[in-house]
Amino acid sequence: MSGESSSDALIQVEVASDSLSANAEFIPARGEGRPLSMEYVEHRLSEAGVTNGVLWDVIQDAIAACTDEKRRIADLTIARGSAPEPDLPERIILMDRFAAVARESLPAATSDVQEQPEMDSASRSRVDYKAISPYVIVRRGEELGRVEQEMIGTDGLGVNNKQLQRPVAAVLKLEPGKNIEVRDNEVYALKSGQFQVRGKVFSIEETLEISGEVGYRTGNINFPGNLVLAGEVKDGFRIWVGGSIYAKATVDAHEIFARGEILAAEGIIGRGNATVRAVKKITAKFIENCLVESKSSIYIKNSVVNSKIAALDRVVMGDTGKIVGSEIRAVEGVTAHQVGNSAEIPTTIVCGVDFIVERMLSQMQEQHQQLMTRVQALRVQFSDDPRQKLAAQIRAFETRARELSNKMAGMIDRLDRNESAELRVLGTIYPGVRITICRAQLAITEKKPAVVYSLDRVSGRIVESKIER
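Under this note's numbering, residues 5 to 473 are what the sequence shown spells out, in order.
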């Protein structure tokens, strides 16, 4: 019977191409072969040129396992060098949400963008997609990032004691652009607006330009600066801007507000409950089925149909502008070519009255009515059950009602702001039109050409005069 063949234990050492590590394979002895020894391992390491960063504890454990358990151990790291630390130039480090914009501006940005997790149908149903915006908005004074000073790296040393020269890190050196301030190594926004990166330059744009429509791609717009719209505004989407709105296409309005002006080159159309408000003037080609309000003036070129228009200054129509089936309020007066139509559709013109005060008075009157209704109900209850608690409630509601009455009395004098306001009709006014100037009213019963309606302060009546052509 022949015995098992014998062979000595072996270790095979391989140095990585970057010299930063060395791996080994430990092969146990067979039969009567010689086991591994530390002297043999040192010899093999010397032959491979491994003299730095040797992991002696790891080697000792591997020798023991190979000798005692006859276990073969492959691809074991037995030495590690020290990697070089690169030189880092002075650079700007942006905060995460701004850095994401910078990454997306690079050609290969999509390679390291984390995939969004799939949502189940229940989660999707809870998401308000109209509230999701692709725009990164910055507020004036907001911190955007910091300046990292230049850092000198260190050379590395391979496992073969080879000097590894430190590189210069390849980093994107972003440069501050428009509306950016660097102060005390901190980066701030000088203006509110959209954060943008073009090439290596990041900036704050005070005007947001949307080339397509406002819809699910853009979400609702909430922007602190100016807005330029090239496409439509889809029904149901809200727009709020701290500056002005310039719309090149028809605005299908749902809820729009601008602290500046609104210019709708192709008009504004709503679906009955649309609201458009601006602090400054509003200019439109036409207005249909909307509530439109300005704390300044409103200019409409062609027509106002089935709408409510209110201005703290004046409402002015174009040379052939028509007001039909609408309610117009303007402190300084109204000028139009045509008011009403031959079908005598009801149309209301109110001049000289502050519509904001009028609205506040209406709200207070409603509150007062609710309070008095509550008081009457409590008094009935009190007559059947005269408890002290009910008496205290009655007094509290009556006190609040008196306070509201006093406020309303003080506001009534602010309601009629301009007794000199006029309605000027350059073309024709039709029956069905009702005119109010301050507290005076007049119903038009005859078709009239080229007339002005104003308030006679002596009689307190609205008077009519002809426009001389």
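C-beta: ideal position from N, C-alpha, C; glycine also.
Determine whether the beta carbon atoms of LYS195 and GLU179 lie at a separation below 8 Å.
For the 8 Å CB-CB criterion, LYS195 and GLU179 do not form a contact.
Where ARG461 falls: helix, strand or coil (DSSP)
When DSSP states are grouped into helix, strand and coil, ARG461 belongs to the coil group.
For LEU92, the nearest candidate out of TYR220, VAL172, ILE82 and CYS70 (CA to CA)
Each of TYR220, VAL172, ILE82 and CYS70 was checked against the Cα of LEU92, and the nearest Cα belongs to VAL172.
Please determine if the region 357-364 and the region 374-385 are in contact, where contact requires at least 3 C-beta pairs separated by less than 8 Å.
With the cut-off at 8 Å, the region 357-364 and the region 374-385 do not touch.
In terms of alpha-carbon separation, which member of ILE327, ARG391, ARG404 and HIS372 lies closest to LEU427?
In terms of CA proximity to LEU427, ILE327 leads the group ILE327, ARG391, ARG404 and HIS372.
Can you tell me whether SER23 is buried or exposed, with buried defined as 16 or more other CB within 10 angstroms of its CB?
By the 10 Å Cβ count, SER23 comes out buried.
For ASN230, three-class secondary structure by DSSP
If DSSP states are grouped into helix, strand and coil, ASN230 belongs with the strands.
Alpha-carbon to alpha-carbon, THR449 and ARG465
Cα-Cα distance, rounded: 16 Å.
Does the distance from the C-beta atom of ILE273 to that of GLU292 stay below 8 Å?
For the 8 Å CB-CB criterion, ILE273 and GLU292 form a contact.
With 16 other CB atoms within 10 Å as the buried threshold, where does LYS470 fall?
Classification of LYS470: exposed, given that the 10 Å Cβ count is below 16.
Cross-strand partners of TYR220 (DSSP beta bridge):
Bridge pairing for TYR220: absent [DSSP].
With distances taken from CA atoms, which of ARG84, THR81, ASP65 and ILE82 is nearest ARG75?
Taking only the C-alpha atoms, the option nearest ARG75 is ASP65.
Please classify LYS285: is it buried, with 16 or more other beta-carbons within 10 angstroms of its beta-carbon, or exposed?
Burial is judged here by how many other beta carbons sit within 10 angstroms of a residue's own beta carbon; LYS285 has at least 16 and is buried.
Tell me which residue opens and which closes the beta strand (DSSP E) that HIS341 is part of.
Secondary structure note for HIS341: its beta strand (DSSP E) is the uninterrupted segment 337-343.
Measuring CA to CA, which of ALA314, PHE290 and VAL308 is closest to SER301?
Relative to SER301, the option among ALA314, PHE290 and VAL308 whose CA is nearest is ALA314.
Buried/exposed call for SER424, threshold 16 Cβ in 10 Å:
SER424 is exposed by the Cβ-count criterion.
Distance between SER366 and GLU407 (C-alpha atoms, nearest Å)
Distance between the alpha carbons of GLU407 and SER366 is about 15 Å.
Bridge-paired residues (DSSP) for TRP60
Paired residue(s): none; TRP60 is not in a bridge.
Limits of the unbroken alpha helix (DSSP H) element including GLN367
Where GLN367 is concerned, the enclosing alpha helix (DSSP H) stretches over 359-388.
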